[in-house]
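Protein chains: 2
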Amino acid sequence: MTCALFQPPLAAAIGVADVLTDLFLVLLAAKLGDELFKRIGQPALVGEILAGVAIGPSLLGLVEPGEVLEVFAELGVVFLLFWVGLETKIGELREVGRAALFVGGLGVVLPFAGGFAIGVVQGEETATSVFIAAALVATSVGITSAVLIDLGVLRTRAARTILGAAVVDDILAMILLAVAVGLAASGGVELGSLAVVVALALAFVAFFALGGTQLMQRRPQLLKEPRFSESPLLPAVILCLGLAALAAQIGLAAIIGAFLAGMMVAETKEQHPIEEEISPLYAFFPPFFFVFIGTEVDLGTLVDLGTLALLAAVTVVAAATKFVGAWLGARELGRRDALVVGAGMVPRGEVGIIVAGIGSTAGVIDAQLFAVIVGMSIATTLLVPPVLRRLVAPPEEAVA
Amino acid sequence: MTCALFQPPLAAAIGVADVLTDLFLVLLAAKLGDELFKRIGQPALVGEILAGVAIGPSLLGLVEPGEVLEVFAELGVVFLLFWVGLETKIGELREVGRAALFVGGLGVVLPFAGGFAIGVVQGEETATSVFIAAALVATSVGITSAVLIDLGVLRTRAARTILGAAVVDDILAMILLAVAVGLAASGGVELGSLAVVVALALAFVAFFALGGTQLMQRRPQLLKEPRFSESPLLPAVILCLGLAALAAQIGLAAIIGAFLAGMMVAETKEQHPIEEEISPLYAFFPPFFFVFIGTEVDLGTLVDLGTLALLAAVTVVAAATKFVGAWLGARELGRRDALVVGAGMVPRGEVGIIVAGIGSTAGVIDAQLFAVIVGMSIATTLLVPPVLRRLVAPPEEAVA
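Right under this line is the structure:
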């Protein structure tokens, strides 16, 4: 027989030992990074992302990003945005609707223009330029939300504007990505099917943001009626997974569905506070998301002066265009809130990585560009938490 | 461009839409099965398993068992046994140590003999007969635990005996499976490496059951010291995943590690009650385990009189030998408790399926035998909850 020490008979059947080991290592690394950064007074999520860089293929190689880790990362950001939705009342979101629309719109137009310009300056083909532009567009609201939760300011006007703008942002990003994919595949875009996709996305958001929340306002007992659960926890989680899956199926980010589900459940909070029950899921899953982002970094490709220069340029353009666009859109909120919104929209996180991956599959983003876009996503993500922390701290502290 | 309606651009990159949809469907189906069975006064977990049969490849084909579902199922039974460990004090387990040893031992010897006899009667080769015997050995303590939790009798003497016996049972099952794999591969067993595996397993269990619990008794604040967590939840979950992974790596079932981790954390409960925080994870993951078991059933293969007859025979032998063995071992607990222990050890659940899968890979278990062993695992699992419920009900009710 083969040595059972290295081929455990029961476990070998489903490779369960290795998957459990990976999940253990990821969670442990995340929390060690968190611990370290808390001790040196820095944002915990930056520590978790850097822990991902450390255990990922670039450095220690302890964990390979695979399907299981991706699913846990996705559930991480899904539960993160579900939590954010739970803290968001649709009424409060409406109050900032106009500002959110401007922030989302201008925060997409400027980065798109900036990304396209980089492509043209670099002498890339149009399809490639459009992909770079699309990768610069979408904000990772998961990162910003985590920072805002951490700072305890999720219910401020600026935070609500960011959340509303993130929905606008995601719909526009979806449209631009569809255009980019179309250009890469056939050199053109079929306006008819694009219109269908957009209409579907708008209908989805409107239906659940308005109809869904109203249903829950009127019949809050819906979540308590099933006998399979003594509390509204599982009905709420099923709603969250259902809307996340549906959003993903129609081409939106899954987190938009999770956010809408959270807002629906928020309307029933007077009847049964649910945060306490969700918080263990919110503690368990999101670390996988932050570590996963870190494991995507390929430090090897970046050890090249030309690539580093390009990375610096792309990062500056990405940060500056998004900041200025969002800040312009948020000016009606006053000087300080506009700054918070501008900074809060800067992180690209997972979305830029996903867009770069699609471009790479489509053959219009080469290895260097892929590494640069991933690097930009991480860099914008790591930059923002300390800045945001200074901006939302009480003025006297911020000056000190 | 391709129609974005069916190939959502953002989601396509990681197939996230389909995975989220699967997870949503599994959880929804589990809870609908649960709901239905609660309403008709039957055990919820039977409803969840049958929901798995319904949505699995055999019937509706909504969900294919794949790696992600397997991982969620594994975490389901890991959190289940972690929960059981949380409810178990090492001191209480010691009190039933002798009985547990007898129950575990006799509960393995008789089913093994019975399974081997079936193989011989059927005219199978020795390697195949040993595999059938090994598949009949291991109890699925997850199923029994879920029923005992449901009935609120997890801390009775009979329940503790079942838990202790499950540890003994799993170590013996691991040895037998190693023997079976050795026979199938090379016709022989290398006693030296087998001894190493067994010693390692015993050392692992002894080290954490005795040393681990003592460490926690003396330094219960260990779980609260990290700054990354305001509560002991994440340190406890990391311990659970770590011991589960370690157990799987040395060839034991992952759930043995999770159970030991739960027992360690249980020693700190006076300082900080942790059940409330674990319960959402305990509510979320185990349904994936029960549904997964159901999806493994292949009803198609069973539509054959010869196969059905063999299934009936194997199920009767599996149930009878385990019941008699465990009952004999538990006689010192008194008549009623011995019956509870005997019935409680009968379910084979996932373990029989895993053994059959290994035998199939090794080429000594054909498709018919595989379907029969899976069928036996499910049948013994579905039989037990109603029986156990009658047995642990107050005597007057049980008679009525």
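Protein sequences, first through last, are from chains A and W.
Numbered according to our numbering, the first sequence terminates at residue 1274, and the numbering increases by one at each position without gaps.
Numbered according to our numbering, the second sequence terminates at residue 1274, and the numbering increases by one at each position without gaps.
Don't be surprised by glycine CBs; every beta carbon is placed ideally from N, CA and C.
Being a predicted model, the structure only gives us computed values, none of them experimental.
Show which residues of chain A have a CB atom less than 7 Å away from the CB atom of residue i.
i       : result
F986/W  : Simply none; closest approach about 16 Å.
F1119/W : Checking the displayed sequence, the identity of residue 1119/W turns out to be Ala instead of Phe. The contacting residues are A891, L894, T895, F898.
D908/W  : F1102
L1182/W : Neighbours of L1182/W on chain A: none; closest Cβ ~26 Å, over 7 Å.
I'd like the span of the alpha helix (DSSP H) that includes residue i, first residue to last.
i       : result
R1264/W : 1241-1266
F976/W  : 971-995
E1104/A : E1104/A -> no alpha helix (DSSP H), and no H or E assigned at all.
D1178/W : Where D1178/W is concerned, there is no enclosing alpha helix (DSSP H), given that its DSSP letter is neither H nor E.
S1019/W : 1015-1025
F946/A  : 941-960
L902/W  : 890-913
P1002/A : Sequence check: residue 1002/A is Thr here, not Pro. 1000-1009 is the span of the alpha helix (DSSP H), which, as asked, contains T1002/A.
Q1095/W : Careful: Q1095/W lies outside any alpha helix (DSSP H) and carries neither H nor E.
D1275/A : The question about residue 1275/A has no answer here: the residues shown for chain A are numbered 875 through 1274.
M1138/W : 1128-1140
G921/W  : 918-929
R1222/W : Note, R1222/W: premise wrong, no alpha helix (DSSP H); not H, not E.
F1163/A : 1160-1169
L1076/W : 1065-1080
Name the chain W residues whose beta carbon is nearer than 8 Å to that of residue i?
i       : result
A1128/A : A885, V890, A891, L894
So which residues of chain A does residue i contact, with C-beta pairs closer than 8 Å?
i       : result
E948/W  : I888, V890, V893, L894
K912/W  : R1101, F1102
K1098/W : Per Cβ cutoff of 8 Å: no residues; K1098/W is ~13 Å from chain A at best.
A918/W  : F1102
Please identify the residue among the options whose C-alpha is closest to the C-alpha of residue i.
i       : options                            : result
L902/W  : D892/W, A925/W, L933/W             : A925/W
T1002/W : G1056/W, V1042/W, M1048/W          : G1056/W
I1228/W : R1264/W, W1201/W, Q1091/W, M1250/W : M1250/W
A1140/A : A1157/A, A1128/A, V1111/A          : V1111/A
E1224/A : A1058/A, V952/A, L910/A, S932/A    : V952/A
V942/W  : V900/W, I914/W, G981/W             : V900/W
I1129/W : I1148/W, S1105/W, P1160/W          : P1160/W
V1266/W : A1236/W, G1216/W, I1232/W          : G1216/W
A987/A  : G1199/A, G1231/A, L949/A, T1254/A  : G1199/A
A1230/W : F1082/W, F1005/W, V1261/W          : F1005/W
A1194/A : L980/A, F1158/A, G1233/A           : L980/A
F1158/W : V1238/A, L949/A, E966/A            : L949/A
G1062/A : P1260/A, T1000/A, P1094/A, G1085/A : T1000/A
L1257/A : V893/A, F898/A, P917/A             : P917/A
A1080/A : V1041/A, S1060/A, E922/A           : V1041/A
R1093/A : A1127/A, A1077/A, K1143/A, L1185/A : K1143/A
Quick one: list the residues of chain W neighbouring residue i, beta-carbon separation under 7 Å, in chain order.
i       : result
V945/A  : V893, V942
L1115/A : L894, L897, F898, L901
L1107/A : P1154, A1157
For residue i, return the contacting residues in chain W, with the cut-off set at a CB-CB distance below 9 Å.
i       : result
L1025/A : The premise fails here: L1025/A is roughly 16 Å from chain W at the closest Cβ pair, so nothing lies under 9 Å.
Run down chain A in chain order and give the residues with a C-beta less than 9 Å from the C-beta of residue i.
i       : result
V1111/W : L901, P1154, A1157, F1158
L1275/W : Nothing about residue 1275/W can be read from this structure; chain W reaches only from 875 to 1274.
message: I want to know whether the region 1179-1190 of chain A touches the region 1203-1215 of chain A - three or more CB-CB distances under 8 Å.
response: The answer is no - the region 1203-1215 of chain A does not touch the region 1179-1190 of chain A, with fewer than three Cβ pairs under 8 Å.
Residues of the region 1138-1171 of chain A whose Cβ lies closer than 9 Å to any Cβ of chain W, in chain order: E1150, E1151, I1152, S1153, P1154, L1155, A1157, F1158, P1161
query: For the region 1193-1207 of chain W, which residues have a CB atom closer than 7 Å to at least one CB atom of chain A, in sequence order?
result: So nothing in the stretch comes that close.
message: Does the contact criterion of 3 or more C-beta pairs under 8 Å hold for the region 1207-1216 of chain A versus the region 1029-1042 of chain A?
response: yes
- prompt: Do three or more CB pairs link the region 964-975 of chain A to the region 1160-1169 of chain A at distances below 8 Å?
  reply: No, they do not touch.
query: Does the region 1149-1161 of chain A come close enough to the region 951-960 of chain A that 3 or more CB-CB pairs lie under 8 Å?
result: Cβ pair count under 8 Å is three or more, so yes.
- request: Kindly confirm or deny that the region 1058-1070 of chain A and the region 1117-1125 of chain A touch, where touching means at least three C-beta pairs closer than 8 Å.
  value: In the pairwise beta carbon analysis, the region 1058-1070 of chain A is classified as not touching the region 1117-1125 of chain A: fewer than three pairs are separated by under 8 Å.
message: Check whether the region 1228-1245 of chain W and the region 1171-1183 of chain W are in contact - that is, three or more C-beta pairs closer than 8 Å.
response: Segments in contact, yes.
field: Positions along the region 1240-1254 of chain A whose CB lies within less than 8 Å of some CB in chain W
entry: none
message: I want to know whether the region 1010-1019 of chain W touches the region 1036-1047 of chain W - three or more CB-CB distances under 8 Å.
response: yes
- request: Check each residue of the region 962-989 of chain A: if its Cβ is closer than 7 Å to any Cβ of chain W, include it; give the result in chain order.
  value: none
- request: Select from the region 1002-1026 of chain A all residues with a C-beta closer than 8 Å to any C-beta belonging to chain W, and list them in chain order.
  value: none
- request: Give the residues from the region 1046-1063 of chain W that approach chain A closer than 7 Å (Cβ to any Cβ), ordered along the chain.
  value: M1048, L1051, A1052, V1055, G1056, A1059, S1060, V1063
- request: Closer than 7 Å, Cβ to Cβ, to anything on chain A: give me those residues from the region 1073-1092 of chain W, in chain order.
  value: So the list is empty, because no residue satisfies the distance condition.
- request: Give a yes or no on contact between the region 1093-1108 of chain W and the region 904-911 of chain A, applying the rule of three or more CB pairs nearer than 8 Å.
  value: Touching, yes.
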